[in-house]
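Q: 0 is the number of the first residue of the sequence shown in numbering that gives the first Met the number 0; add one for each residue after it.
Glycine residues also receive a C-beta, built at the ideal position from the N, C-alpha and C atoms.
Pasting a structure here, questions to come.
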Amino acid sequence: MDIQLKRGLIEVCVLAALLGGESYGYALIKDISDCMEVSESTLYPILKRLENASMLTVSSREHNGRLRKYYSITPLGRARIDEFESDKREMTNVFNYIEKKKGEAANDKN
Numbered sequence: 000m001d002i003q004l005k006r007g008l009i010e011v012c013v014l015a016a017l018l019g020g021e022s023y024g025y026a027l028i029k030d031i032s033d034c035m036e037v038s039e040s041t042l043y044p045i046l047k048r049l050e051n052a053s054m055l056t057v058s059s060r061e062h063n064g065r066l067r068k069y070y071s072i073t074p075l076g077r078a079r080i081d082e083f084e085s086d087k088r089e090m091t092n093v094f095n096y097i098e099k100k101k102g103e104a105a106n107d108k109n
């Protein structure tokens, strides 16, 4: 999968994972891995980018003697999910168009 496309999909998956409440990095990786493989080295820059875009907020709390960052979705993050749903309809139209053209091309060869 194209790296830019994957990065964008991971961003939306992170935001969707936070719809149920705040979470932390490792838990997000486990949650997102249900639909897509993601590593720490991929996730943390995405979390920082989403924070810089005001789509999530970050707070730190101690857990087992260490500070753990917890992430929460913001209204802008929820709006991004809504935008993605609109994008999904457009992408579905693109996939349908491609399948139609492939079918037409296959029929033309026969």
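Would DSSP call E21 helix, strand or coil?
A: E21 falls in the coil class under three-state DSSP.
Q: To the nearest angstrom, how far is it from the Cα of Y70 to the Cα of D86?
A: Their Cα atoms are separated by approximately 25 Å.
Q: Under 8 Å by Cβ, that's how I've got S59 and L66 pegged, so tell me the actual separation to the nearest angstrom.
A: So it is a contact: roughly 5 Å between Cβ atoms.
Q: From G102 to L8, what distance separates their C-alpha atoms?
A: Distance between the alpha carbons of G102 and L8: 28 Å.
Q: Per DSSP, Y96 forms a beta bridge with which residues?
A: None; Y96 has no bridge partner.
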